[in-house]
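Below: one structure, written as structure tokens.
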Ligand SMILES: Nc1ncnc2c1ncn2[C@@H]1O[C@H](COP(=O)(O)OP(=O)(O)OP(=O)(O)O)[C@@H](O)[C@H]1O
Ligand SMILES: [Mg+2]
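Listed below in structure tokens is the structure:
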């Protein structure tokens, strides 16, 4: 595995606002997301996880630092070139973000109809395969408002995967789901990665149990920096009180 083929962040900084309202959200983020694995970023609410994801997708530009996607540095690309890079990504949004006016099949077909020259019969093969891979082979003609929260997330994964992305990003994919559905979506994230060895999955989570179930690699973001990265064992064994408090879900500790 060549590390350069994954995602790399070096010294990434981002601030919002000016004067007294200035807030530096990313304060020099260094991170390697290896290709072919599931990497989970954890950290408390408001710490900059979604902002980090937007930088990786080229939706936000850093004030300083470098982001490389499969060896390609995003710095210096024009807006048009950035949009092209974005086609390498699939994104599963925090609240699924499906089109309510379309049924499940049309939601999953949408990226192909918009951004490929495939004919409808080729699209059908691809969409049906995607729906089967997320366990929704019989739900194609259901309307979005007929779906449970877990089914919506599954449709979101199918839609994100339909164009065969190199990188699949999930922003808190199990927020608002019950524990059983959460476990099913976690299994889907893991299965999707395992069925597509060339894929690289990057998941934002604040659920430690889920993180330990699916992650090959974990990185904790805290006060604008990655304060620990490694595998589950690294996180179980660390003495860092900030990480311990988060992993154990305790109220008392250095994080308020
Ligand atoms: N476009 C923006 N303009 C100004 N401030 C922003 C912008 N986007 C995010 N922020 C600020 O950056 C900080 C981090 O936000 P972010 O959404 O990344 O948090 P998060 O870690 O994803 O939290 P959560 O777990 O609740 O989703 C917040 O204080 C937020 O208000
Ligand atoms: Mg967020």
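In the working numbering, the protein residues as written are 144 to 399.
Built from N, CA and C at the ideal position, the CB exists for glycine as well.
All figures in this text were calculated on a predicted structure; none of them were measured in a lab.
- Checking the 7 angstroms criterion, the Cβ of residue 193 is within range of a heavy atom belonging to ligand 2.
- A residue is called buried once 16 or more other Cβ atoms fall within 10 Å of its Cβ, and residue 335 is buried on that count.
- Measuring C-alpha to C-alpha distances from residue 279 to each of 293, 393, 346 identifies 293 as the nearest.
- Residue pairing from DSSP places residue 365 in a beta bridge opposite 368.
- DSSP, read as helix, strand or coil, puts residue 359 in coil.
- At the C-beta level, residue 156 and residue 169 come within 8 angstroms of one another.
- Contact between residue 251 and residue 217 does not hold, since their C-beta atoms are separated by about 28 angstroms, which reaches or exceeds 8 angstroms.
- By the criterion of a C-beta distance shorter than 6 angstroms, residue 182 is surrounded in its chain by 176, 345, 360, once the five residues flanking it on both sides are discounted.
- Residue pairing by DSSP places residue 157 opposite 169 in a beta bridge.
- Fewer than three Cβ pairs drawn from the region 157-167 and the region 372-384 lie within less than 8 angstroms of each other, which leaves the two stretches out of contact.
- Annotated as distal: residue 285 and residue 235, with beta-carbon spacing of 8 angstroms or more.
- For residue 255, the enclosing alpha helix (DSSP H) begins and ends at 247-258.
- Between ligand 1 and residue 168, a heavy atom-to-CB distance of less than 7 angstroms is present.
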